Amino acid sequence: MIKPIYTTKWAAFPLDDIMWIEQCSKKYPNDKGFFIILKCSRYNYEIDEWENVIHLEAEEAEELMEVWNQYKEQEADE
201 MIKPIYTTKW
211 AAFPLDDIMW
221 IEQCSKKYPN
231 DKGFFIILKC
241 SRYNYEIDEW
251 ENVIHLEAEE
261 AEELMEVWNQ
271 YKEQEADE
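Just so it is clear: in the sequence shown, position 31 is 231 by our numbering, and no numbers are missing.
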């Protein structure tokens, strides 16, 4: 099975690599964007931050969430 790739202005990654999507405002109140947590992402407890994540502005993240949800539903049906 070919894994779909999602492309943004700054990155391209397989939808299958997304672990979850987290609002940046949890930690940064003025940031309305989202962190895309991937399988390769790691949490650095020393600095209390995610490493190897992708940051998307809210509009682009909303589009990604729609595509990712459709992908996960389709994957569950197989």
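For glycine and all other residues, C-beta sits at the position ideal for the given N, C-alpha and C. Model, not experiment: these values are computed from the prediction.
One alpha carbon belongs to N269, the other to W250, and they sit about 23 Å apart.
Taking a 10 Å sphere around the C-beta of I205, we find fewer than 16 other C-beta atoms and assign the residue as exposed.
Bridge pairing for A276: absent [DSSP].
If you draw a 10 Å sphere on the C-beta of C240, you find fewer than 16 other C-beta atoms in it, and that means exposed.
Between the C-alpha atoms of D216 and K272 there is a straight-line separation of about 9 Å.
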